[in-house]
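Enquirer: For reference, the structure I am asking about is given below.
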Amino acid sequence: MILISCPDCGPRDETEFHYGGQAHVPYPEDPSALSDEEWGRYLFYRENTKGIFAERWVHSAGCRKWFNVLRDTVTYRIAAVYRNGEPRPSLDGDPQ
């Protein structure tokens, strides 16, 4: 079990949340100008980091708000939780 600390509701069991993929993926400025390959890369290609990874989560069984989590993909340890729009926190040894 992973305990996730929602920025608005506090610590809750992971079953109350849904994973939303990699955080900080910017939407293309002009999507209609992209080729099919470029659009496909935007939609489907994501980093597969071993270690600290920035993820999006939604508290689907609570406040229903989206937020970001820095989680270690090896140990599942959550290193930081922060709201959308806030800068990614710096961690010691984190390559970002």
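The sequence shown begins at 1 in my numbering and counts up by one. For glycine and all other residues, C-beta sits at the position ideal for the given N, C-alpha and C. For clarity, every value in this text was computed on a predicted model and none was experimentally measured.
Could you have a look at Glu55 and say whether DSSP puts it in helix, strand or coil?
Expert: Position 55 of the sequence shown, counted from the first residue, corresponds to residue 55. In this structure, Glu55 counts as strand in the three-state DSSP scheme.
Enquirer: Taking a contact to mean a Cβ-Cβ separation below 8 Å, would you say Leu70 touches Pro87 in this structure?
Expert: The sequence position of residue 70 within the sequence shown is 70, counting from 1. The sequence position of residue 87 within the sequence shown is 87, counting from 1. No, the Cβ-Cβ distance between Leu70 and Pro87 is not below 8 Å.
Enquirer: Grouping DSSP H, G and I as helix and E and B as strand, with all else coil, what is Arg71?
Expert: One-based indexing of the sequence shown puts residue 71 at position 71. Residue state, collapsed to three classes: strand.
Enquirer: DSSP on Gly40, reduced to helix/strand/coil?
Expert: Position 40 of the sequence shown, counted from the first residue, corresponds to residue 40. It is helical.
Enquirer: Taking the alpha carbon of Asp92 as the point to measure from, which residue in Gly20, Ile52, Leu34 and Tyr42 has its own alpha carbon closest?
Expert: Here residue 92 refers to the residue found at position 92 when the sequence shown is read from its first residue. With distances taken between Cα atoms, Asp92 lies closest to Ile52.
Enquirer: In the structure shown, what three-state DSSP assignment does Ser5 receive?
Expert: Numbered from its first residue, the sequence shown carries residue 5 at position 5. DSSP places Ser5 in strand when its eight states are reduced to three.
Enquirer: Is the beta carbon of Trp57 sitting closer than 8 Å to the one on Ile4?
Expert: Your numbering for residue 57 matches position 57 in the sequence shown. Your numbering for residue 4 matches position 4 in the sequence shown. Against a cut-off of 8 Å, the Cβ pair of Ile4 and Trp57 comes out as a contact.
Enquirer: Please report the straight-line C-alpha distance between Asp8 and Tyr27, rounded to a whole angstrom.
Expert: Walking along the sequence shown from the start, residue 8 turns up at place 8. Walking along the sequence shown from the start, residue 27 turns up at place 27. C-alpha separation (whole angstroms): 26 Å.
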